[in-house]
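Asks: Under this note's numbering, think of the first position of the sequence shown as -16, with each following residue one higher.
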Amino acid sequence: MSIDLGTPTLLPPGEAERAVLLAAPRGYCAGVDRAVITVEKALDLYGAPVYVRKQIVHNKHVVRTLEERGAIFVEEIEEIPEGATVVFSAHGVSPMVHAEAAERSLKTIDATCPLVTKVHHEARRFANDGYRILLIGHEGHEEVEGTAGEAPDHITLVETPADVDDLEFPEGTKLSWLSQTTLSVDETMETVRRLREKFPQLEDPPSDDICYATQNRQVAVKEIGKDADLVIVVGSANSSNSVRLVEVALEAGAKASYRVDDASEIEDAWFEGVTTVSVTSGASVPEDLVEGVLGLLADRGYPDARAVQTAEESLIFSLPPELRRDLKAAGKA
Ligand code: SF4
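#1: Just mark Gln292 as buried or exposed, buried being the case when its beta carbon has 16 or more other beta carbons within 10 Å.
#2: Buried or exposed: which applies to Arg176, given that a residue is buried once 16 or more other Cβ atoms fall within 10 Å of its Cβ?
#3: Is the CB-CB distance between Leu306 and Ile92 below 7 Å?
#4: Around ligand 1, what residues have a beta-carbon under 6 Å from a heavy atom of it, in chain order?
#5: Just the Cα atoms here: how many angstroms apart are Pro144 and Lys315?
#6: Taking Cβ to Cβ, would you say Val231 is nearer than 7 Å to Gln184?
#7: Would a C-beta distance cut-off of 7 Å place Leu98 and Thr164 closer than the cut-off?
#8: By the DSSP assignment, the alpha helix (DSSP H) with Asp309 in it spans what residues?
#9: Does DSSP put Ala235 in a helix, a strand or coil?
#10: For His104, count the other beta carbons within 10 Å of its own beta carbon; 16 or more makes it buried, fewer makes it exposed. Which is it?
#11: Quick one: any contact between the region 42 to 56 and the region 207 to 222, if contact means 3 or more CB pairs under 8 Å?
#12: Give me the Cβ distance between Gly129 and Ser167, rounded to the nearest whole Å; I'm assuming they're in contact under 8 Å.
#13: Per DSSP, what are the beta-bridge partners of Tyr241 in this structure?
#14: Report the option in Val268, Asp245 and Phe182 whose CA atom is closest to the CA atom of Ser223.
#15: Can at least three beta-carbon pairs, one atom from the region 190 to 200 and one from the region 249 to 260, be found at a separation below 8 Å?
#16: Is the beta carbon of Tyr29 sitting closer than 7 Å to the one on Val57?
#17: How big is the Cα-Cα spacing for Val15 and Ala73?
#18: When burial is assigned at 16 or more other CB atoms within 10 Å of the CB, is Asn199 buried or exposed?
#19: Using a 10 Å radius around the Cβ and a threshold of 16 neighbouring Cβ atoms, would you call Leu298 buried or exposed?
#20: Measure from the alpha carbon of Arg87 to the alpha carbon of each residue in Val102, Arg108 and Pro64, then state which is nearest.
#21: Return the bridge partner residues of Tyr195 from the DSSP annotation.
#22: Quick one: grab the DSSP three-state call for Phe109.
#23: From Ala239 to Leu228, what distance separates their C-alpha atoms?
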């Protein structure tokens, strides 16, 4: 008796077990969505140009698309003509920037993410109560500059867990900590653990500063990264939360992980011996850029992506009140 084993399928070695895992959630968070819509609606309502201080969100494709519609991105208020309209970015600004805008009689629309505004409130409250605030974050990042500007005389920046060793304060100093919203959760908790060990009087903020979107994307990339040969993170180089996703993927066990702005930056050599590819994107990344990456994987013989859902997100922020008021007055609300 013979058994028909069927015709062997001729697949390249390893192709039969190839897989593509797609993180969920990924991409736009509520704060980015609100900021991008704010600029779009401002352009519709007031007409071009609308000035935007700094990149509205840290993604070069988003910035280029808005530039094509008439937004002008500037680094500082002094570059904006008197009386013009300016949108402040999702990362927030210090009170000094508000004052500079008022001096130039600018019409301001503040697209600061409400979760960043919350950290600004905490900084003011701790400062008013006489605390020294240990702000965990990256020097030079716009969000850190904005938060530090709320209470410059009260804030000490702490960038890494190792920085804790160098901190000294006079006996009896009241201490609290705050953080940038887009940091690695694990690294930040390690910094806080060391702070508390050295300064037992340390007070916690009333709620997490690392935002829900950053946390959810890190949980998701751990899940898709732990058994992956390659994790591709879509996001720009200046996007803190995107850069953190690469680090978290590697810590979770991914054999390799790279950040790309879009599919064109993916290199052939990355796929050598790779069966499982995982894909995610930072909180400022439009979904069409992820679709471009999935298209490239399909062209290389990888199967359709399987979504790995680790959280549901439904948060939506309303537009800045000053814009809502003008939209309503124009009958466009
Ligand atoms: S990453 Fe978090 S804090 Fe930043 S804009 Fe998005 S929701 Fe807001």
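The beta carbon of each residue, even a glycine, is placed where N, CA and C say it ideally should be.
Replies: The short version:
#1: exposed
#2: exposed
#3: yes
#4: Cys12, Ala13, Gly14, Val15, Ala73, Cys96, Leu98, Val99, Thr164, Thr165, Cys194, Ala196, Thr197, Asn224 and Ala266
#5: Each residue's Cα considered, the two are about 49 Å apart.
#6: no
#7: Yes. Within cutoff.
#8: Pro304 to Ala312
#9: helix
#10: exposed
#11: yes
#12: Rounded, the Cβ-Cβ distance is 20 Å, inconsistent with contact.
#13: Ile215
#14: Val268
#15: no
#16: no
#17: 7 Å
#18: buried
#19: exposed
#20: Pro64
#21: None, per the DSSP bridge assignment.
#22: Correct three-state label for Phe109: helix.
#23: 12 Å
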